[in-house]
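In this note's numbering, the protein residues as written are 47 to 287.
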């Protein structure tokens, strides 16, 4: 849970190792053919290398110059492959982090009950203790469920230190929300009921106070789900030339 908002560093050793292996794997002409520019550079690298070996064996021409050209061409291909593999690996790692965040988040759902609330022990009891009187109706109970169990129009209570479990609209309360995991903006923002600042996003964290949120999307259709799908389905745009 602690790594939910952590940005995947490009200097992560495991990520660099995978990218290095993928850079070599991408030398396969069947893969490189999908990128015409780098495919031509790879063919040029291979032809130049053959010429270099021939000049070296025959003792004619300028093998030193030809070898340098071949080396730089291969470096260009490998560096391009490495950069692409690094970007892909970082995106997949970020998608995995987002997916774990989605499945591990718990929500305090307000559900219809048959009597007054009895505050349970643990985190849920602490959440109830911090909520002002009157926020939770007498014939409504507070239950802790997985975020994936929430459905559209469910009401959830989120207090300081908790992650917002689903996309929704604030129906009561005002809070400072850390949206850096979604927007990249480090400064927290104020979200409150009413007006144009009532929308909240799954995966963001409440920094202070509390809010009551009405869920506006079913599982699989949240902004977080769309981000994961975008990262997993993204393909590098090919250069037009």
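For glycine and all other residues, C-beta sits at the position ideal for the given N, C-alpha and C.
{"query": "Cβ neighbours of residue 135 in the same chain (closer than 6 angstroms, five flanking residues each side left out)", "result": "61, 64, 65"}
{"query": "Candidates 247, 227, 220, 88: closest to residue 143 by CA position", "result": "227"}
{"query": "With 16 other Cβ atoms within 10 Å as the buried cut-off, status of residue 205", "result": "buried"}
{"query": "Candidates 225, 155, 214, of which the one nearest residue 192 by Cα", "result": "155"}
{"query": "Residue 97: first and last residue of the uninterrupted alpha helix (DSSP H) it sits in", "result": "82-104"}
{"query": "Exposed unless 16 or more other CB atoms sit within 10 angstroms - verdict on residue 233", "result": "exposed"}
{"query": "Span separating the alpha-carbon of residue 225 from that of residue 272", "result": "16 angstroms"}
{"query": "Sequence-distant residues of the same chain with beta carbon closer than 7 angstroms to residue 126, five excluded per side", "result": "84"}
{"query": "Exposed unless 16 or more other CB atoms sit within 10 angstroms - verdict on residue 211", "result": "buried"}
{"query": "Reference residue 123, options 70, 106, 101, closest by Cα", "result": "70"}
{"query": "Where residue 254 sits in the DSSP three-state scheme", "result": "strand"}
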